[in-house]
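Engineer: Each residue of the sequence shown is one higher than the last, beginning at 26 in this note's numbering. Cβ coordinates follow ideal geometry from the N, Cα and C atoms, glycine included.
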Amino acid sequence: MQKNYRFVGKTSKDSFLIKGFNVFSEKWKHAGGCASVTNPQNGRTYVFSKYESCGVEFVAGKDANGYWLFFVEV
26 MQKNYRFVGK TSKDSFLIKG FNVFSEKWKH AGGCASVTNP QNGRTYVFSK
76 YESCGVEFVA GKDANGYWLF FVEV
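(1) Which value, in whole angstroms, describes the spacing of the CA atoms of ASP39 and VAL48?
(2) Do PHE73 and PHE32 have their CB atoms nearer than 8 Å?
(3) Tell me which same chain residues have a C-beta within less than 8 Å of the C-beta of TYR71, skipping the five on either side of it?
(4) Does DSSP put PHE41 in a helix, a strand or coil?
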């Protein structure tokens, strides 16, 4: 079954909060597998890795412009 993910934002900086924690201040653990996600700002689809940090699972990767894109499961 394919999971759905919600876009939570993008950044080019070393600071981004997901559920109250700065993901760049914590170690990311690969959560296994990848997810197909769509950036709602431009409609482009990406395949990014799944990660876990501070008990939160998220999908993240960089777009062609060097921005980090973040998604969480719906």
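Structural biologist: Walking through what the data contain:
(1) Reading the sequence shown from its first residue, position 14 is the one you call residue 39. Reading the sequence shown from its first residue, position 23 is the one you call residue 48. Cα-Cα distance, rounded: 9 Å.
(2) By 1-based counting over the sequence shown, the position of residue 73 is 48. By 1-based counting over the sequence shown, the position of residue 32 is 7. No; because the gap between Cβ atoms is not below 8 Å, this pair is not in contact.
(3) Looking up residue 71 in the sequence shown gives position 46. SER61, VAL62, THR63, ASN64, GLY86, ASP88, LEU94, listed in sequence order.
(4) Here residue 41 refers to the residue found at position 16 when the sequence shown is read from its first residue. Coil, per DSSP.
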